[in-house]
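Sequence positions in the sequence shown follow numbering that gives the first Met the number 0 and run 0 to 224. For every residue, glycine included, the Cβ atom is placed at its ideal position computed from N, Cα and C.
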Amino acid sequence: MFEFSEKPFYIDVHTHRANSSEDLIAIYNVASNYLNPLAQQRHLYFSMGIHPWFVQADLWEQDIKAMGRAAQQEEVLAIGECGLDKVCDTEWHFQEEVFIRQIQLAKKLGKPLIIHCVKAHHEVLKILEEQSFSTSVIFHGFNKKWELAKQILDKGYYLSYGTSILHANKSESLSKTPSAQLFLESDDKEIDIRNIYQAASAIRKEKLITTQETIQENFARLFNN
0 MFEFSEKPFY
10 IDVHTHRANS
20 SEDLIAIYNV
30 ASNYLNPLAQ
40 QRHLYFSMGI
50 HPWFVQADLW
60 EQDIKAMGRA
70 AQQEEVLAIG
80 ECGLDKVCDT
90 EWHFQEEVFI
100 RQIQLAKKLG
110 KPLIIHCVKA
120 HHEVLKILEE
130 QSFSTSVIFH
140 GFNKKWELAK
150 QILDKGYYLS
160 YGTSILHANK
170 SESLSKTPSA
180 QLFLESDDKE
190 IDIRNIYQAA
200 SAIRKEKLIT
210 TQETIQENFA
220 RLFNN
């Protein structure tokens, strides 16, 4: 599906801002039942999910069904962001049920998951294990300590880093993350993904082109499946 030229691309694995340029591939996050017509733009693709903040008790089953139809399209590369959040107001049992249903959908479609997780990493990992989810998982916006990062990485999952790496005390996990499990993102921030790449390559003490090629290889491996 993805064939890259010799010139390396920038890849933004999770963004809420629709950007498109000749040297950028972005996975643009959209609501569960809405596929933006910007999909026709060059190098713009989608993830589709029900965020735990926006689970509606009387609508989530309807949203899951709508997402099941829309997410079959080729432009939808992943399910999510979805997951668990102990800080938001959504009732916990609804969060869990909606998360599990999206895992099952991702499994059915054979598409990776993009995970939103706030103070619930143990619970997310437990549910993924219980659901025997063997397709790839990306924990987006990771900004935690190395001990937690290692737990996630040891499961074979991916970590995606965003603007948190611009703060010196948030760089240890990035520096230790294996190249084969690394992604970068802009999320909902008003920042050019190229600045995230510059910071990441400096933290990892490698050339910018090395960071680009690493993430490009990860992207092709993950989403060509």
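In the structure shown, I195 falls within a helical segment according to DSSP collapsed to helix, strand and coil. Nearest Cα to R220 within the set Y157, I208, K204: Y157. When Cβ pairs closer than 8 Å are counted between the two stretches, the segment 91-101 is seen to touch the segment 63-83, the count reaching three or more. E128 and I214 have their alpha carbons spaced roughly 26 Å apart. D186 is positioned such that its CB atom lies closer than 8 Å to that of H15. By a beta-carbon distance limit of 8 Å, P51 does not contact A77. Their separation comes to about 17 Å. The beta carbons of I24 and F182 sit no closer together than 8 Å.
When only Cα atoms are considered, Y196 and I137 end up about 18 Å apart.
Taking each of Y160, I49, S135 in turn and checking the Cα distance to A199, the smallest one comes out for Y160.
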